[in-house]
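Okay, so here's the structure we're looking at.
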Amino acid sequence: MSELAVISLAVLVYISLVFLIALRLKRFDIVDIAWGGAFIVMALTSFWLAPERGLLQYIVTGLVIIWGVRLAYTIWRRITRSPQEDPRYVELRQKWKGNVALNAYGRIFLVQGLLASLVSATVLIVNLSGITTTDWLTVVGVCIWVVGFLFESIGDWQLKNHLLDPAKKGQLMTSGLWRYSRHPNYFGEATQWWGIWVIALSVPFGWLGIISPLTITVLLLFVSGVPLTERRFVGRPGWATYRARTSMFIPLPPRH
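As structure tokens, then:
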């Protein structure tokens, strides 16, 4: 069995187990927690299957694990604070025809696994390349990744504190990193994967891994990130002004 087949099987088993847990809990939104875990499964599996393991593989695998653990923990904290399932998944179920479980498995869980596989392409290329030495691209890529990690983690931390402050209940988050970008956490998430791609440029065919940052950037900008988030704020007091003044994605000085 080829390395890619083993990695695909590993993520399929992982996603299927998460699906069974979701059925047990009657909450399909736990797939959001499992999103980061899918990347960890693929990174570790490809690391284990690597023909040669050296500093390059340790760095790339470590960056993915740090990103995945932090993201899964952040979403776990958010989901466990609410006894109700995320309304997005409730709305999806209401639109489906046929068996709910089969629809959920095919339309949510398997799709998540496929998307995670696309985003993980860069890591798989590096880990299976047989190249273990680092160079200046590794340093540049790690620096880009660190910038992204700071934006995502600090942005999430600032938003969490804002939402937990009773004095700010119902108010928009417009300070800190959110003064320069309406979605600094999403910007940080995409930036981390662009950093990993830069690292991959030092191995043969590493440039093909551009599918990773492109996929996550498109998802965040046009599918599951920015559009879904901003849709909830339409019509709220101050939203139009904040939207006109603040960059959507890339942090920039506020417009006057």
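Start counting the sequence shown at 115; every next residue gets the next number (the working numbering). All C-beta atoms, glycine included, are put in the ideal place defined by N, C-alpha and C.
According to the Cβ coordinates, are V371 and G255 closer than 9 Å? Since the first and last residues shown for the chain are 115 and 370, residue 371 lies out of range.
Would you mind giving the Cβ-Cβ distance between R293 and P341, rounded to the nearest angstrom? I have them listed as a contact below 8 Å. That pair is no contact at about 22 Å.
Cβ pair count under 8 Å reaching 3, the region 264-278 against the region 200-213: Flag = no, the region 264-278 and the region 200-213 do not touch.
Can you give the Cα-Cα distance for A314 and K283, rounded to whole angstroms? Cα to Cα, A314 sits roughly 44 Å from K283.
DSSP on S160, reduced to helix/strand/coil? Three-state DSSP puts S160 in a helix.
Is the distance from the Cβ of I245 to the Cβ of V178 below 9 Å? No, these two residues do not count as a Cβ contact at 9 Å.
Going by beta-carbon coordinates alone, are V237 and V174 separated by less than 9 Å? Between V237 and V174, the C-beta gap is smaller than 9 Å, which places the two residues in contact.
How about L185 and E266: are their beta carbons less than 9 Å apart? Yes, the pair counts as a contact, with Cβ atoms nearer than the cut-off.
According to DSSP, is E303 helix, strand or coil? Three-state DSSP puts E303 in a helix.
Of the residues T159, F161, I180 and W190, the one placed nearest R141, counting alpha carbons only: Comparing alpha carbon positions, the residue from T159, F161, I180 and W190 closest to R141 is W190.
For A362, which residues of its own chain have a beta-carbon under 6 Å away from its beta-carbon, when the five flanking residues on both sides are left out? Before going further, note that residue 362 is Met rather than Ala in the sequence given. Annotation for M362: R296 place their beta carbon closer than 6 Å to its own, counting only its chain and skipping 5 residues before and after.
Exposure label - S339; buried when at least 16 CB within 10 Å: According to the sequence provided, residue 339 is Gly. The question's Ser does not apply to it. G339 counts as buried, since no fewer than 16 other beta carbons sit within 10 angstroms of its beta carbon.
Cβ pair V145, Q226 closer than 9 Å: Yes, the pair counts as a contact, with Cβ atoms nearer than the cut-off.
Can you find a C-beta in chain C that's less than 9 Å from the C-beta of G244? Going by chain labels, chain C is absent from the structure shown, which holds only one protein chain.
Does the beta-carbon distance from I364 to F319 come in below 9 Å? No.
When you compare only the Cα positions, how much space is there between H370 and T355? For H370 and T355, the gap between their C-alpha atoms comes out near 10 Å.
Beta-carbon within less than 6 Å of T247's beta-carbon, same chain only, minus the 5 sequence neighbours each way: which residues are those? Excluding the 5 residues flanking it on each side, T247 has no same chain C-beta neighbour closer than 6 Å.
Using only alpha-carbon positions, find the residue among L366, A148, V253 and A304 that is nearest to L334. Its Cα nearest to that of L334, the residue A304 stands out among L366, A148, V253 and A304.
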